[in-house]
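Number of protein chains: 2
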Amino acid sequence: MLDVRRLRLLRELAYRGTIAAVAEALTFTPSAVSQQLAALEREAGVALLERTGRRVALTPAGVALVRHAEAVLERLEQAAAELAAARGDLSGTVRIGAFPTATRAILPSALAALAHSHQGLDPMVDEVDPAEVAPRLRAGELDVALVHEYDFVPAEPDLALDAVPLLDEPMYLATIRPVGGEGDAARLLACREEPWIASTPGTLCHAMTVRACQAAGFSPRVRHHIDDFATVLAMVAVGQGVALVPELGAADPPEDVTLTALSMRRRTRVAFRRGAGGHPAVVALIAALRVATSHVRTPG
Amino acid sequence: MLDVRRLRLLRELAYRGTIAAVAEALTFTPSAVSQQLAALEREAGVALLERTGRRVALTPAGVALVRHAEAVLERLEQAAAELAAARGDLSGTVRIGAFPTATRAILPSALAALAHSHQGLDPMVDEVDPAEVAPRLRAGELDVALVHEYDFVPAEPDLALDAVPLLDEPMYLATIRPVGGEGDAARLLACREEPWIASTPGTLCHAMTVRACQAAGFSPRVRHHIDDFATVLAMVAVGQGVALVPELGAADPPEDVTLTALSMRRRTRVAFRRGAGGHPAVVALIAALRVATSHVRTPG
DNA sequence: GAAACCGTTAAGGTGAACTGATGCTCGATG
DNA sequence: CATCGAGCATCAGTTCACCTTAACGGTTTC
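Those sequence lines, one after another, are chains A and B.
In terms of UniProt numbering, the first sequence has 242 at position 242, counting the first letter as 1, and numbering is strictly consecutive.
In terms of UniProt numbering, the second sequence has 74 at position 74, counting the first letter as 1, and numbering is strictly consecutive.
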């Protein structure tokens with residue numbers, strides 16, 4: 001019988017591309033991963049890995065096997081979720097991953113709601129880099145994660161993960177003076193000469209600002225890199241530049257700031273391992289998130 | 001992550017009902033099975049087994065978990081089948097289980113066809129007790145098996161196994177003198193005073209004869225217990241009794257024997273582990289069986 | 001009431017799997 | 001072209017999980 005632990009290594013290899021990365025993700029040494037994959041290959045009787053240069057790639061047979069691995073792992077996840085539901089007590093730790101912006105804007109009230117509805121549940125928040133969310137969910141280091149998806153910055157689908165929509169907010173253009181024009185492009189173009197305030201380079205929010213401006217036909221001159229939208233608005237208020245902020249980041253804006261609604265939107269989703277959607281802790285957390293965001297949520 | 005090997009033990013327990021039987025089926029000691037199931041239960045956090053007297057029974061949570069185990073094992077079987085197909089060479093051993101009657105009547109020509117079409121394949125036949133077919137298929141000791149199903153003796157469905165129909169033959173009443181009457185019941189009743197020749201008690205074929213007569217309204221007086229239908233016909237020919245034989249057992253009957261076709265039938269199916277239907281060796285063997293039985297097969 | 005059966009527990013041995021070290025190949029860099 | 005680093009494979013050593021043996025307690029049956 002094929003060893004599921006080894007299949008898990010193979011799946012991880014399909015996502016990460018190198019044995020070293022797999023080893024780091026699952027806290028093994030590369031040696032162990034190499035040995036186990038070699039054993040899997042021997043057992044399979046077919047070449048699953050192809051040594052190309054100093055990397056390894058999956059053969060077609062390897063890719064096919066990964067699909068089966070996904071299915072098996074999903075079903076095991078379902079089984080675990082059902083056991084947790086049968087356990088009933090709903091205690092234990094839920095590990096939540098979130099970007100800094102989501103942490104500040106959504107999680108506090110969600111955790112309050114969760115504490116109220118499920119006292120036994122012990123939430124544990126990890127602020128994680130967006131790129132690390134998917135791997136850490138797969139590896140079981142996180143149970144649920146909040147992920148954003150902007151127009152112009154689509155999230156790539158992950159076969160091992162599932163997600164449900166949570167928020168769908170409009171984006172606002174934050175300026176000092178009212179902005180004229182019709183349509184997103186015209187309004188952004190009206191600010192092409194202004195200095196811009198964006199998030200830290202490398203983040204989704206940063207890419208969102210840059211790409212939106214590029215779609216309007218210009219490259220923004222980014223003066224400040226600030227992640228917290230409240231701070232961003234404060235900077236806008238004192239004339240340091242203009243910025244794009246989502247509705248959740250634009251609550252209670254400074255008086256001097258003008259917010260112009262755009263048609264572009266930010267969608268927030270709750271991601272979890274495929275199969276874990278029935279896990280009572282996941283269900284409870286999603287419910288709490290919905291409660292916490294019910295005043296913002298717009299029908300998507 | 002739930003351990004699939006342990007889930008396999010749990011599934012086997014669902015079928016067999018005692019830990020000792022599971023241990024024997026999978027060639028472990030009862031101690032090992034007990035320990036592993038205890039570990040699974042600890043891991044699950046829910047009671048999966050209920051100690052009732054000197055036996056154990058599955059709790060509802062245990063039953064639910066078994067369903068997941070079935071699904072996982074089926075998918076692993078599929079993966080293995082796909083790997084075998086990718087391997088392509090189609091070598092190795094196929095273990096075939098069959099009742100004695102099937103062995104004699106079908107397998108020789110099927111194996112000849114297989115040897116012709118797939119030289120690399122190494123068939124290995126095991127004559128097995130009907131009751132042992134399902135467990136040994138599940139345990140991986142057999143890859144395919146021929147199973148019979150008579151009217152009055154339906155086979156019980158097995159969630160872990162799959163099967164395709166192979167044969168659907170009429171049954172014959174073998175006598176010395178022509179039998180009058182219309183309908184199966186009338187014809188059998190005409191022989192109610194005759195001595196009967198049936199198979200060994202405990203076999204399906206034995207049950208078939210007894211139940212058919214009971215359905216006709218009498219209990220047959222069984223004088224001889226003989227499994228081989230050719231021998232049965234020879235006994236009928238010398239006046240030792242009457243018998244029910246399937247078409248495959250009635251090829252080339254002795255001159256003195258009268259065969260009266262009945263409406264009751266015997267269906268033969270090829271069983272294999274769920275998920276293994278795509279395994280090239282299974283595909284090849286089924287094809288060979290169809291070739292070997294094509295002269296008998298009636299549209300079912 | 002004895003015997004057979006079944007499941008659990010404790011103790012001990014074995015093998016699988018992981019770590020750490022070493023060597024090799026490939027690719028990038030100056 | 002030489003050097004360096006990244007990445008994978010292999011080998012030896014160790015640890016730990018799992019299985020077996022042995023012994024015990026409870027239950028059913030004759």
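Cβ coordinates follow ideal geometry from the N, Cα and C atoms, glycine included.
Since this is a predicted model, take the numbers as computed values, not measurements.
Query raised in the report: If you draw a straight line from the C-alpha of B:Asp227 to the C-alpha of B:Thr101, how long is it?
Result: Their Cα atoms are separated by approximately 7 Å.
Query raised in the report: Does DSSP put B:Pro299 in a helix, in a strand, or in coil?
Result: Reliability of the predicted coordinates at B:Pro299 is poor, the pLDDT of 47 falling under 50, and the value obtained from them is presented with this limitation in mind. In the structure shown, B:Pro299 sits in coil (DSSP, three-state: anything other than H, G, I, E or B).
Requested in this report: Would you mind listing the alpha helix (DSSP H) stretches within the region 13-56 of chain B that are 4+ residues and don't spill past its ends, in chain order?
Outcome: Annotation note: the region 13-56 of chain B contains the following uninterrupted alpha helix (DSSP H) runs of length 4 or greater, listed N- to C-terminal: 19-25, 30-44.
Query raised in the report: Taking Cβ-Cβ distances shorter than 7 Å, what residues in chain B pair up with A:Leu2?
Result: Identification of chain B residues near A:Leu2 by a Cβ-Cβ cut-off of 7 Å yields Leu76, Ala79, Ala80, ordered along the chain.
Query - chain B contact for A:Ala64 (CB, 7 Å cutoff) - result: True, the Cβ-Cβ gap to chain B drops below 7 Å.
Query raised in the report: How would you label A:Asp252, buried or exposed, when you count the other beta carbons within 10 angstroms and need 16 or more for buried?
Result: Around the beta carbon of A:Asp252, a 10 Å sphere encloses fewer than 16 other beta carbons of the protein chains shown; the residue is thus reported as exposed.
Requested in this report: Look at the alpha carbon of A:Leu111 and the alpha carbon of A:Gly45, and state the distance between them as a whole number of angstroms.
Outcome: Looking at the two C-alpha atoms, the distance is approximately 50 Å.
**Report entry** Alpha carbon of B:Gly239 to alpha carbon of B:Arg290, nearest angstrom
**Finding:** Going from the Cα of B:Gly239 to the Cα of B:Arg290 covers about 36 Å.
Query raised in the report: Per DSSP, what kind of secondary structure is residue 305 of chain B in: helix, strand or coil?
Result: This structure cannot speak to residue 305 of chain B, because chain B is shown only from 1 to 300.
Query raised in the report: Going by the CB atoms, is the gap between B:Val257 and B:Ala198 shorter than 7 Å?
Result: For B:Ala198 and B:Val257, no; Cβs fall outside 7 Å.
Query raised in the report: Among the residues of its own chain, which have a CB less than 6 Å from the CB of B:Arg11, if the five just before and after it don't count?
Result: Result list for B:Arg11: Val66, Ala69, in chain order.
Report task. Count the other CB atoms, across all protein chains shown, that sit within 10 Å of the CB of A:Val35; report buried if there are 16 or more and exposed otherwise. Result -> Note that residue 35 of chain A is Gln in the sequence shown, not Val. Taking a 10 Å sphere around the C-beta of A:Gln35, we find fewer than 16 other C-beta atoms and assign the residue as exposed.
Report task. Compute the Euclidean distance between the alpha carbons of A:Gly92 and A:His116, then round it to the nearest angstrom. Result -> One C-alpha to the other measures close to 16 Å.
Query raised in the report: Once you ignore the five residues that flank A:Asp151 on each side, which residues in its own chain have a CB closer than 7 Å to its CB?
Result: Closer than 7 Å at the Cβ level, and outside the excluded window around A:Asp151, lie Met264, Arg265.
Query - Near the ligand PLP: A:Asp122 beta-carbon under 6 Å from a heavy atom - result: The model on display carries no ligand, and the ligand PLP is accordingly not part of it.
Query - Host beta strand (DSSP E) of B:Ser109 (start-end) - result: Looking at the DSSP string, B:Ser109 is not in any beta strand (DSSP E); the run it does join, the alpha helix (DSSP H), is 107-117.
**Report entry** Proximity test, Cβ basis, 7 Å: A:Ala160 and chain B
**Finding:** No, A:Ala160 lies away from the interface with chain B (no Cβ there is under 7 Å from its Cβ).
Report task. Leaving out five residues on either side along the sequence, give the residues of the same chain with a beta carbon under 6 Å from the beta carbon of A:Asp126. Result -> Non-local beta-carbon contacts of A:Asp126 in its own chain, meaning distances under 6 Å to residues more than five positions away in sequence, involve Gly97 in chain order.
Report task. Name, please, each residue of chain B whose Cβ falls closer than 8 Å to the Cβ of A:Leu285. Result -> Residues of chain B whose Cβ lies closer than 8 Å to the Cβ of A:Leu285 do not exist, since the nearest Cβ in that chain is about 19 Å away.
Query raised in the report: Would you say B:Leu114 faces chain A, with C-beta separation under 7 Å as the test?
Result: Chain A, which has no Cβ nearer than 7 Å to the Cβ of B:Leu114, makes this no.
**Report entry** Between the CA atoms of B:Val242 and B:Glu194 - distance to the nearest angstrom
**Finding:** Roughly 7 Å separates the two Cα atoms.
Report task. Using a Cβ cut-off of 7 Å, pull out every chain A residue sitting near B:Arg87, in sequence order please. Result -> Those within 7 Å of B:Arg87 in chain A are Gly45, Val46.
**Report entry** Opening and closing residue of the beta strand (DSSP E) in which B:Arg223 lies
**Finding:** Counting along the chain, B:Arg223 sits inside the beta strand (DSSP E) bounded by residues 221-225.
Query - Contact set for B:Arg6: own chain, Cβ-Cβ below 6 Å, skip 5 residues either direction - result: Around B:Arg6: Gln36, Leu40.
Requested in this report: Name, please, each residue of chain B whose Cβ falls closer than 7 Å to the Cβ of A:Val72.
Outcome: Val72, Arg75, Leu76, listed in chain order.
Query raised in the report: What span of residues does the beta strand (DSSP E) with A:Gly98 cover, start to end?
Result: Position check: residue 98 of chain A holds Ala in this sequence, whereas Gly was assumed. Here the beta strand (DSSP E) through A:Ala98 covers 92-98.
**Report entry** Assigned secondary structure, A:Ala102 (DSSP; H/G/I helix, E/B strand, else coil)
**Finding:** Secondary structure of A:Ala102 (DSSP, three-state): helix.
Requested in this report: Quick one: using the 10 Å Cβ neighbour count with 16 as the cut-off for buried, is A:Gln78 buried or exposed?
Outcome: With 16 or more other Cβ atoms within 10 Å, it is buried.
Query raised in the report: Just how far apart, CA to CA, sit residue 355 of chain A and A:Met235?
Result: A question about residue 355 of chain A goes unanswered here, because the residues of chain A that appear run from 1 up to 300.
Report task. Please check the pair B:Ala281 and B:Leu121, which I expect to be a contact at CB under 8 Å, by giving their CB distance rounded to whole angstroms. Result -> Their Cβ separation, rounded to whole angstroms, is 6 Å, which keeps B:Ala281 and B:Leu121 in contact under 8 Å.
Query raised in the report: Are the C-beta atoms of A:Leu58 and some chain B residue less than 7 Å apart?
Result: Interface criterion not met: the Cβ of A:Leu58 is under 7 Å from no Cβ in chain B.
Query - Inter-residue Cα distance where the pair is B:Arg75 and A:Met1 - result: Here the alpha carbons of A:Met1 and B:Arg75 stand approximately 11 Å from one another.
Query - For A:Glu127, the first and last residue of its enclosing beta strand (DSSP E) - result: Under the DSSP assignment, A:Glu127 falls in the beta strand (DSSP E) whose first and last residues are 121-127.
Query raised in the report: Considering A:Val270, what are the terminal residues of the beta strand (DSSP E) in which it resides?
Result: Counting along the chain, the beta strand (DSSP E) containing A:Val270 begins and ends at 258-273.
Query raised in the report: For the region 197-222 of chain B, which residues have a beta carbon sitting closer than 9 Å to at least one beta carbon of chain A?
Result: Residues: none.
Requested in this report: Pick out the complete beta strand (DSSP E) segments inside the region 162-206 of chain A, 3 residues or longer, and give them in chain order.
Outcome: The region 162-206 of chain A contains these whole beta strand (DSSP E) runs: 195-198.
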